[in-house]
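Taking it in order: structure first as structure tokens, then the write-up.
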Amino acid sequence: MNINLNIWRQTKESTAGKFVRYRLENIDPNISFLEMLDILNNKLIKEKQEPVVFDHDCREGICGSCGFMINGQPHGPQKATTVCQLHMRAFQNEDELTLEPFRAASFPVIKDLSVDRRSFDRIILSGGYVDINTGEAPEANLIKVPKTNADEAFLSAACIGCGACVAACKNSSAMLFTSSKISHLSLLPQGKKEAKERVLKMVATMDDEGFGSCTNTGACSAECPKEISQANIVRLNKELIKSVID
Amino acid sequence: MKIFKALNTSVGKKIAMAITGLSLALFMVFHLIGNLNLFLGPEAFNGYVLKLKKLGFLIRIAEAGLLSFVLIHVYSGIVLWLKNKRAISKTPSYSITSTPRASRYTLLTGSFVFIFLVMHWSTFWYKFNFSKGNKTYYEIVLGPEVGFGNIYYTLFYIIAIGLLGYHLKHGFDSAGQTLAIKGTKYEKTYYSLAAVFWFWIPFGFISIPVYFGIILRLLG
Ligand code: HEM
Ligand code: SF4
Ligand code: FES
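Protein chains in written order, with this note's numbering: chain A, 1 to 246; chain B, 1001 to 1220.
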């Protein structure tokens, strides 16, 4: 198949970027999207041009490194799929694809399609952990966790921190990410102890990092490759209310 | 104190906005019931206003409460809106966004409602309290000066209430998530009331200028 690409090229945050057109012919529809970009980059290198910078690591949908916009959708058109798990067969021969980085003031562009998402790390650092002694693993049956809580916590913990939720939001809000990181701890007994402090600290850091506020439109969940649900945002709100009331 | 820490965050401000917004929406129900007395004729309406007046300072306290709720709501709304403007990238995304329309225009619809409120107070409220003259309340409301006898005022009123309904179309939904009503056993009841607040209550308010300001005028 043949593919026409409009790719955002930008050397660093402070310089202006622009779209550049590329065309690839005879692409195997069964290769992955990132493999298609690898082919493009090989071609560019051979032609002594700068390759397109994009983030990736595991290429199996679990690390959260990859992610950019394809035709206005974070991670592209396929539901519940990171861009590394997307295949060219999701597109048609001669499709026009516009690739641009996740856009948010808190995600400055590093180069081309790669953005700096360390603002997420700083949210985690401010409270997304539990303070417990490590050492020998405790007896598993000592801490009882209801099955429903375990399942819900697992779903929340599935967030890979890719940032697609911020890119999908009209306010560049990080509520879905932050709420999933608060949820997976607050749902489990180990996370209860620091729950009140945690929510206040993480929300304050999220604000300080310059992310917008949530207007409850649900655009984030619709685009999240891990289908993190709005229930997490509800849980964050509840945690904040609880931190004040009792 | 924890509460100030919480209110300092964006989520805290959203919660303040949701509580004040829902309270104002609830107040509108009582306001509407009072207004509907207009359909029962001059005695009913004038009698109702006089009854309220008899409550004296209680009414003043309620008014002060409502005003502070409006101010808290508007203040949080504007602070968050500014924060959101700063949060988005300076390079616009070339992507298409699929955000529900009503949620994009909350500040705009809200601001229009605020202008309306200021006008509402400086006309009806001011006249009722300080410059009634020898007119009855009924005559002021339906009169040509600031009432539905004035076609411009009538149209402005209809538009403002319509936009308030649109504001609540998103606002009521949003508040359910902000206040964590979603996911509780009250969720169904809450969301089944959405149309009452965003459609039927505004519809009730609008029925008054439509009847007295337009239908009666057309009938001569
Ligand atoms: C006076 C001018 C007003 C302004 C400037 C204003 C502004 C706003 C803004 C910016 C939002 C945020 C919406 C979002 O989450 O996307 C909002 C939410 C809301 N507004 Fe207003 N508003 C005004 C008046 C009112 C009035 C009169 C009512 C009620 C009758 C009301 C009820 C609500 C409710 C229930 C919410 C939802 C809160 C939430 O998101 O959790 N607003 N308003
Ligand atoms: S919530 Fe979803 S979209 Fe947001 S960072 Fe986590 S996995 Fe990515
Ligand atoms: S490269 Fe790891 S999730 Fe895509």
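By construction, the Cβ of each residue, glycine as well, lies at the ideal position given by its N, Cα and C atoms.
Would you please verify whether the beta carbon of residue i is less than 9 Å from any beta carbon of chain A?
i         : result
LEU1080/B : yes
THR1106/B : yes
SER1192/B : no
ARG1086/B : yes
PRO1100/B : yes
THR1189/B : no
SER1111/B : no
THR1009/B : yes
ILE1015/B : yes
SER1023/B : no
PRO1092/B : yes
ILE1003/B : yes
LYS1054/B : no
With a threshold of 16 other CB atoms inside 10 Å of the CB of residue i, please say whether the residue is buried or exposed.
i         : result
GLU139/A  : exposed
THR1157/B : Position check: residue 1157/B holds Tyr in this sequence, whereas Thr was assumed. When all chains shown are included, TYR1157/B counts as buried.
ARG235/A  : buried
MET88/A   : buried
TYR129/A  : exposed
TYR1017/B : According to the sequence provided, residue 1017/B is Met. The question's Tyr does not apply to it. By the 10 Å Cβ count, MET1017/B comes out buried.
TYR1186/B : exposed
VAL1118/B : exposed
ILE199/A  : Reading off the sequence, residue 199/A comes out as Val, not Ile. With 16 or more other Cβ atoms within 10 Å, it is buried.
TRP1125/B : exposed
GLY218/A  : buried
ALA249/A  : In the structure displayed, chain A extends from 1 to 246; residue 249/A sits before or after that span and is not available.
ILE1161/B : buried
ASP246/A  : exposed
LEU1024/B : buried
ALA80/A   : exposed
LYS1053/B : exposed
SER1192/B : exposed
PRO1092/B : exposed
PHE1197/B : buried
SER14/A   : exposed
LEU1155/B : exposed
Check whether the Cβ of residue i lies closer than 9 Å to any Cβ atom in chain B.
i        : result
PHE211/A : yes
ALA105/A : yes
ILE241/A : yes
ASN216/A : yes
ASP112/A : no
ASN133/A : no
VAL234/A : yes
GLN230/A : yes
ASN41/A  : no
SER17/A  : For clarity, residue 17/A is Gly in the given sequence; the question names Ser instead. Closer than 9 Å to some Cβ of chain B, the Cβ of GLY17/A qualifies, so yes.
LEU185/A : no
VAL83/A  : no
MET69/A  : yes
MET175/A : yes
LEU97/A  : no
LYS12/A  : no
LEU200/A : yes
ALA153/A : no
With a threshold of 8 Å on Cβ separation, who are the neighbours of residue i within its own chain once the five nearest residues in sequence on each side are excluded?
i         : result
ARG122/A  : THR205 and GLU209
HIS56/A   : LEU34, SER65, CYS66 and CYS84
ALA1180/B : none
VAL1074/B : GLY1110 and PHE1114
ASN2/A    : ARG23, LEU24, GLU25, ASN26, ILE27, ASN93 and GLU94
Residues in the same chain with beta-carbon distance under 6 Å from residue i, minus the five sequence neighbours each way, listed in chain order, please.
i         : result
ILE143/A  : PRO189
THR82/A   : GLY61, CYS66, HIS75 and PRO225
GLY1176/B : LYS1182 and TYR1190
LYS1127/B : ILE1140
LYS201/A  : SER126 and GLY127
PRO328/A  : With chain A represented from 1 up to 246, any question about residue 328/A goes unanswered, as that position is not in the structure.
Is there a Cβ of chain E sitting closer than 9 Å to that of residue i, yes or no?
i         : result
LEU1168/B : Of the protein chains in the structure, A and B, none is chain E.
Closer than 7 Å by C-beta to residue i: which residues in its own chain qualify, once you throw out the five before and the five after it? Chain order, please.
i         : result
SER213/A  : ASN171 and SER173
LEU1163/B : THR1109, PHE1112 and VAL1113
TYR22/A   : LEU5, ILE7 and LEU40
GLY1021/B : HIS1073, GLY1171 and ALA1175
ARG103/A  : ALA167
SER1122/B : none
Kindly examine the ligand NAP and report whether one of its heavy atoms sits closer than 8 Å to the Cβ of residue i.
i       : result
ARG59/A : In terms of ligand content, the structure shown lacks the ligand NAP and carries the ligand HEM, the ligand SF4 and the ligand FES instead.
Under 6 Å, CB to nearest heavy atom of the ligand SF4: contacting residues: That gives CYS159/A, ILE160/A, GLY161/A, CYS162/A, GLY163/A, ALA164/A, CYS165/A, LEU176/A, PHE177/A, SER180/A, CYS224/A, PRO225/A, LYS226/A and ILE228/A.
At a cut of 8 Å, does the segment 1165-1175 of chain B reach the segment 1135-1142 of chain B through at least three beta carbon pairs? No contact exists between the segment 1165-1175 of chain B and the segment 1135-1142 of chain B.
The segment 179-199 of chain A touching the segment 1055-1072 of chain B, judged by at least three CB pairs closer than 8 Å: These segments do not touch.
Take every Cβ of the segment 155-169 of chain A, pair it with every Cβ of the segment 215-234 of chain A, and state whether three or more of those distances are shorter than 8 Å. Three or more beta-carbon pairs drawn from the segment 155-169 of chain A and the segment 215-234 of chain A are found closer than 8 Å, and the two stretches are therefore classed as touching.
Stretch-stretch touch, CB-based, cutoff 8 Å, three pairs: the segment 1196-1204 of chain B with the segment 1042-1059 of chain B: Between the segment 1196-1204 of chain B and the segment 1042-1059 of chain B, the count of C-beta pairs closer than 8 Å stays below three; the two stretches do not touch.
Would you check if the segment 173-188 of chain A and the segment 109-123 of chain A touch, i.e. whether three or more CB-CB distances between them fall below 8 Å? Yes: at least three Cβ pairs fall under 8 Å.
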